[in-house]
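Chemist:
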Amino acid sequence: MALSERLKIKKIKEASDCISQKYSARVATKCWADIRRAVNQKCCSNIQDLVKISENIVKTCKDLIKNCKDLAKICKDLAKNCKDLAKKCKDLAKICKDLAKIYEHLAKICEDLAKICEDLVKGL
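The sequence shown begins at 916 in my numbering and counts up one residue at a time.
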């Protein structure tokens, strides 16, 4: 078998492998859509067209996989930021709870002082 024929077969196999790997339903759907489009356009009349289609499918799949990896990283960063924000909110809630106790205590002191002042005024 000639080297160019082996290369063509290898490229077709790469496209097939791309589809069969367990990346995501979306990737597989996109790859199969490319194949269906190619078949519907009847551009697979010779091996060269099939090689070109296979190369495009591989590129599309690789691009989709890269985009998914990028999106996964963004989601991971966002999750970390949300966790950090949740911790800060929890800390802030504790501070607010502590402040509420302090203000309740101050209100009680003020009530006691008002009563003392009333008693002093009555005694004058």
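All C-beta atoms, glycine included, are put in the ideal place defined by N, C-alpha and C.
Can you tell me whether I972 is buried or exposed, with buried defined as 16 or more other CB within 10 angstroms of its CB?
Modeler: By 1-based counting over the sequence shown, the position of residue 972 is 57. With 16 or more other Cβ atoms within 10 Å, it is buried.
Chemist: In angstroms, rounded to a whole number, what distance separates the CA positions of C983 and K1012?
Modeler: Within the sequence shown, the letter at position 68 stands for residue 983. Within the sequence shown, the letter at position 97 stands for residue 1012. Approximately 42 Å between the Cα atoms of the pair.
Chemist: Out of curiosity, what's the CA-to-CA distance linking E1033 and I1024?
Modeler: If you number the sequence shown from 1, residue 1033 lands on position 118. If you number the sequence shown from 1, residue 1024 lands on position 109. Each residue's Cα considered, the two are about 14 Å apart.
Chemist: Tell me the rounded alpha-carbon separation between C990 and V966.
Modeler: Your numbering for residue 990 matches position 75 in the sequence shown. Your numbering for residue 966 matches position 51 in the sequence shown. Whole-angstrom Cα-Cα distance: 36 Å.
Chemist: Let me confirm a value: C1004 is counted as buried when at least 16 other C-beta atoms fall within 10 Å, else exposed. Which label applies?
Modeler: Position 89 of the sequence shown, counting from 1, holds the residue named residue 1004. C1004 is exposed by the Cβ-count criterion.
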